[in-house]
Amino acid sequence: MEMRFSKGNDALGTKNRGNPCESSLCTLCRADCQGKCETWLSSMVGRKLLYPRSFGLVTAGANNTTHLGVSYNSVRIQGYAYGASGLNPGLTSHPDDCIFPNVNLETQFGKRVKTKIRMPMMTGALGSTFIAEKYWDSFAVGGALIGIPVVIGENVVGVDRDSEISPQQDRKGKILRAPELDRRIETYLRYFDGYGAIIVQLNVEDTRNGVAEYVVDKYGDKCIIELKWGQGAKNIGGEIQVRSMDYAMFLKQRGYVVDPDPSLSEVQQGFEQGAIKSFARHSRLGSTNLGTASQVQEDFMNSVEYLRGLGFERITLKTGSYGMEELAMAIKFATDAELDLLTIDGSGGGTGMSPWNMMQSWGVPSIHLHAKAHEYAGILSAKGKNVVDMSFAGGFALEDHIFKALALGAPYTKLICMGRAIMVPGFLGANIEGAIHPERRADVNGNWNELPKTVLEVGKTADEIFAGYHDLEKKLGKDELARIPYGAIAFYTQADKLGCGLQQLMAGARKFSLNQITRSEIFSGNRETAQETGIPHVTDVNNESAKKILNS
Ligand code: SF4
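Sequential numbering of the sequence shown, starting at -12, is according to my numbering.
1. Contact between the segment 428 to 446 and the segment 508 to 518 is defined here as three or more beta-carbon pairs at a separation below 8 Å; is this criterion met?
2. Measure the alpha-carbon distance for Arg148 versus Phe237 and round it to whole angstroms.
3. Determine which residues share a DSSP beta bridge with Pro136 and list them.
4. Nearest to Ala360 by CA position, among Thr279, Ser341, Ile331, His388, is which residue?
5. If you reduce the DSSP assignment to three classes, tell me which class Cys404 lands in.
6. What is the DSSP secondary structure of Phe266, reduced to helix, strand or coil?
7. Nearest by alpha-carbon distance to Gly181: which of Cys404, Asp323, Arg105 is it?
8. Rounded to the nearest angstrom, what separates Met346 and Ser10 at their Cα positions?
9. Is the distance from the Cβ of Ala469 to the Cβ of Met108 below 8 Å?
10. Between which two residues does the beta strand (DSSP E) holding Ile331 run?
11. Which class does Lys161 belong to by DSSP, given the choice of helix, strand or coil?
12. Tell whether a beta-carbon distance below 8 Å holds between Lys484 and Arg170.
13. Straight-line CA distance for Leu92 to Tyr293?
14. When the Cα atoms are used, what is the spatial distance from Glu386 to Leu489?
15. Give me the Cβ distance between Ala317 and Leu329, rounded to the nearest whole Å; I'm assuming they're in contact under 8 Å.
16. Is Thr94 a contact residue of ligand 1, with contact defined as CB to any heavy atom under 7 Å?
17. For ligand 1, I want to know if Gly134 counts as a neighbour, meaning its beta carbon is within less than 7 Å of at least one of the ligand's heavy atoms.
18. Looking at the secondary structure, which residues open and close the beta strand (DSSP E) in which Met311 lies?
19. DSSP three-state call for Met410: helix, strand or coil?
20. Enumerated in chain order, which unbroken segments of the alpha helix (DSSP H) with a length of 4 residues or greater are wholly contained in the segment 229 to 314?
21. Roughly how many whole angstroms lie between the Cα atoms of Phe179 and Ser539?
22. For Ile536, count neighbouring Cβ atoms within 10 angstroms of its own Cβ and tell me buried if that reaches 16, exposed if not.
23. Less than 7 Å between the CB of Gly5 and some heavy atom of ligand 1, yes or no?
24. Going by DSSP in three states, Glu93 sits in which element: helix, strand or coil?
25. Roughly how far, in whole angstroms, is the beta-carbon of Gly350 from the beta-carbon of Asn222, given that I think they are within contact range, below 8 Å?
26. Output the boundary residues of the beta strand (DSSP E) element that contains Leu189.
27. Would the beta-carbon of Thr116 be found less than 7 Å away from any heavy atom of ligand 1?
28. Rounded to whole angstroms, how far is the Cβ of Ile118 from the Cβ of Ala18, which I believe are closer than 8 Å?
29. Judging by CA-CA distance, which residue of Ala127, Ser61, Tyr175, Phe96 is the nearest neighbour of Ser353?
30. Counting C-beta neighbours from all protein chains within 10 Å, is the total for Gln155 16 or more, i.e. buried, or is it exposed?
31. Measuring alpha carbon to alpha carbon, tell me which residue in Glu519, Ile522, Phe499 is nearest Tyr67.
32. In whole angstroms, what is the alpha-carbon distance linking Leu393 and Leu277?
33. Just list the alpha helix (DSSP H) runs in the segment 65 to 132, keeping only unbroken ones of 4 residues or longer that don't cross its boundaries, in chain order.
34. Quick one: residues in its chain with C-beta nearer than 6 Å to the C-beta of Ser150, no 5 flanking neighbours on either side, listed in chain order?
35. Would you kindly work out how many angstroms separate the C-alpha atoms of Ala449 and Tyr473, rounded to a whole number?
36. How about Tyr479 and Ile133: do their beta carbons lie closer than 8 Å?
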């Protein structure tokens, strides 16, 4: 039996370089990839990729009709033959108004302060991994132009050799200089126009280094601060790989766990001989001194109070694919503390340094985690609590994923977080820019000397290649457009495809604004998925009302 994603997709004319996983992306996504999965190709051709290729010459049939196992690919989307709800003011229920381009994708999240976004999407946390650093401009500029939140992940200051941290008492530091963190924040803010937000994460080392204090002093409430419990990729905190002894020693001195320990003479000898080729820098586990849920709650509330005291108006929490107890704690504590967003990341994608078999086998898969998140939020809501807004993450790349996850968590889910999927346009754009403009290749971290056939089939210049180019030119003007990286244009183009696809799915479900999406807009493709998610099986949904019609 065929799964939804195989290596080649004849209908779209796409082909994965490696083996596709649940998200549709390859298990290993390479920055130098010459294509051409759906995400890669849509970063150039945009919304055109919503449709099968060779129109006029073909017919096409879906292959996702056999739903195996419990995953988002075993959830289907509801459509209706009548009705229209959530139309913008000024629109009527006349068919001329009820067209998919009139579906409103704007929304907001937050408790005390609302953060507006142009579409229900945000980036995953891109932290100290080198791939995040190299392509940051594409992610930040692209995200700001789209009008969505972009998250700066953990350890950015700690691994920056140009940062200066002065040691203080109680193992706390005070940041005197943080050029890489500044670059990341300022790149986003340059194009921020009131929609979206820049979010800065805090892990154990960041807290110790004084990242929150630095950010609030320098940027005030322009940034959202995010407490981090974990992620979907791994349960031991962030890691990077370094290949120089010098840098490994620097990180060790900065207080990180570096493995193997570069200060040991036998390790230094092994490195000199070539037997040890790299080091892994690890972060610490949080809350190791706490033994009970109530201690965790007290500690959490103290942290939130401290951050509010520093001056942060907006605070969020990111949790990973821990079990049910931690999920309940995250939802309850974030609700009680009136946080602005809770991102719940299911297993398990990462940016390159998560142990592979840990990614394969640790934690709660996304759909199970998200289904329980909805159930637990409902318990709090029934008690009269104003439940924290949520973002779901873990294995999302396509427009139907956004719709399904929003519906599964409705009404609590306000946006969907994508990590690996939004990095693809960053890589691709940089490669195209470096090939067309060799003088910029090193600056943009392009991996190609020339455009491959897969790109030349689309075009030779940026204005021919990127479907979003002219839209951005109108928005920014020629001069400003010339200043932004091609990766940002590719990200904008990909987001346009995702947004348009989402508008189409919503119009089919007769929901013209995001707050109209409910769990009734999806059904389960098999009985096991129905049992695990609480979303009824396709033939059970509206079965009773159907029979009433027949018997009337
Ligand atoms: S861009 Fe990444 S996910 Fe897409 S085909 Fe290439 S390697 Fe695979």
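In this text, a Cβ means the ideal position worked out from N, Cα and C, and glycines have one as well.
Predicted model only: the values in this text are computed from it and were never measured.
In short, the structure shows the following:
1. no
2. Residue numbering aside, residue 148 sits at position 161 when the sequence shown is read from its first letter. Residue numbering aside, residue 237 sits at position 250 when the sequence shown is read from its first letter. Roughly 8 Å separates the two Cα atoms.
3. As a first step, residue 136 must be located in the sequence shown, where it is residue number 149. None, per the DSSP bridge assignment.
4. Here residue 360 refers to the residue found at position 373 of the sequence shown. Among Thr279, Ser341, Ile331, His388, the Cα nearest to that of Ala360 belongs to Ile331.
5. For the purposes of this step, residue 404 is taken as the residue at position 417 of the sequence shown. It is a strand residue.
6. Translated into the one-based positions of the sequence shown, residue 266 becomes position 279. Strand, per DSSP.
7. Along the sequence shown, one-based indexing puts residue 181 at 194. Nearest C-alpha to Gly181: Arg105.
8. On the sequence shown, position 359 is the one that residue 346 refers to. On the sequence shown, position 23 is the one that residue 10 refers to. Distance between the alpha carbons of Met346 and Ser10: 14 Å.
9. Translated into positions along the sequence shown, residue 469 becomes position 482. Translated into positions along the sequence shown, residue 108 becomes position 121. In this structure, Met108 does not lie closer than 8 Å to Ala469 by Cβ.
10. In the sequence shown, counting from the first residue as 1, residue 331 sits at position 344. Looking at the DSSP string, the run of the beta strand (DSSP E) that includes Ile331 is 328 to 332.
11. The residue labelled residue 161 in the question sits at position 174 within the sequence shown. Of the three classes helix, strand and coil, the one that applies to Lys161 here is strand, per DSSP.
12. One-based indexing of the sequence shown puts residue 484 at position 497. One-based indexing of the sequence shown puts residue 170 at position 183. No, the Cβ-Cβ distance between Lys484 and Arg170 is not below 8 Å.
13. Within the sequence shown, the letter at position 105 stands for residue 92. Within the sequence shown, the letter at position 306 stands for residue 293. When rounded, the distance between both Cα atoms is 35 Å.
14. The count along the sequence shown starts at 1 and reaches residue 386 at position 399. The count along the sequence shown starts at 1 and reaches residue 489 at position 502. Their Cα atoms are separated by approximately 5 Å.
15. In the sequence shown, counting from the first residue as 1, residue 317 sits at position 330. In the sequence shown, counting from the first residue as 1, residue 329 sits at position 342. That pair is a contact at about 6 Å.
16. In the sequence shown, the residue the question calls residue 94 occupies position 107. Not under cutoff, so the answer is no.
17. The residue labelled residue 134 in the question sits at position 147 within the sequence shown. No, since every heavy atom of ligand 1 falls outside the 7 Å radius drawn around the Cβ of Gly134.
18. Along the sequence shown, read from residue 1 onward, the residue named residue 311 stands at position 324. Taken as a continuous stretch (DSSP letters only), Met311 belongs to no beta strand (DSSP E), being part of the alpha helix (DSSP H) at 311 to 323.
19. One-based indexing of the sequence shown puts residue 410 at position 423. The answer is helix: DSSP assigns Met410 an H, G or I state.
20. 232 to 240, 252 to 260, 280 to 297
21. Translated into the one-based positions of the sequence shown, residue 179 becomes position 192. Translated into the one-based positions of the sequence shown, residue 539 becomes position 552. Those two C-alpha atoms are separated by around 56 Å.
22. Position 549 of the sequence shown holds residue 536. Per the 10 Å Cβ criterion, exposed.
23. Reading the sequence shown from its first residue, position 18 is the one you call residue 5. Flag set: Cβ of Gly5 near ligand 1.
24. Here residue 93 corresponds to residue number 106 of the sequence shown, with the count starting at 1. Coil, per DSSP.
25. If you number the sequence shown from 1, residue 350 lands on position 363. If you number the sequence shown from 1, residue 222 lands on position 235. Confirmed, Cβ separation roughly 7 Å.
26. In the sequence shown, counting from the first residue as 1, residue 189 sits at position 202. Leu189 -> beta strand (DSSP E) spans 185 to 189.
27. Counted from its first residue, the sequence shown places residue 116 at position 129. It does not: the Cβ of Thr116 is nowhere closer than 7 Å to a heavy atom of ligand 1.
28. Within the sequence shown, residue 118 is the residue found at index 131, counting from 1. Within the sequence shown, residue 18 is the residue found at index 31, counting from 1. Rounded, the Cβ-Cβ distance is 6 Å, consistent with contact.
29. Here residue 353 corresponds to residue number 366 of the sequence shown, with the count starting at 1. It is Ser61.
30. Working through the sequence shown from its first residue, we reach residue 155 at position 168. Gln155 should be labelled exposed.
31. Walking along the sequence shown from the start, residue 67 turns up at place 80. Measuring from the Cα of Tyr67, the nearest candidate turns out to be Phe499.
32. For this step, residue 393 is matched to residue 406 along the sequence shown. For this step, residue 277 is matched to residue 290 along the sequence shown. Roughly 34 Å separates the two Cα atoms.
33. 117 to 121
34. Sequence index remark: in the sequence shown, residue 150 carries index 163 (1-based). Result list for Ser150: Val144, Arg164, Ala165, in chain order.
35. As a first step, residue 449 is located in the sequence shown; it is residue number 462 there, counting from the start. As a first step, residue 473 is located in the sequence shown; it is residue number 486 there, counting from the start. C-alpha separation (whole angstroms): 8 Å.
36. Residue mapping note: residue 479 aligns to position 492 of the sequence shown, counting from 1. Residue mapping note: residue 133 aligns to position 146 of the sequence shown, counting from 1. In this structure, Ile133 lies closer than 8 Å to Tyr479 by Cβ.
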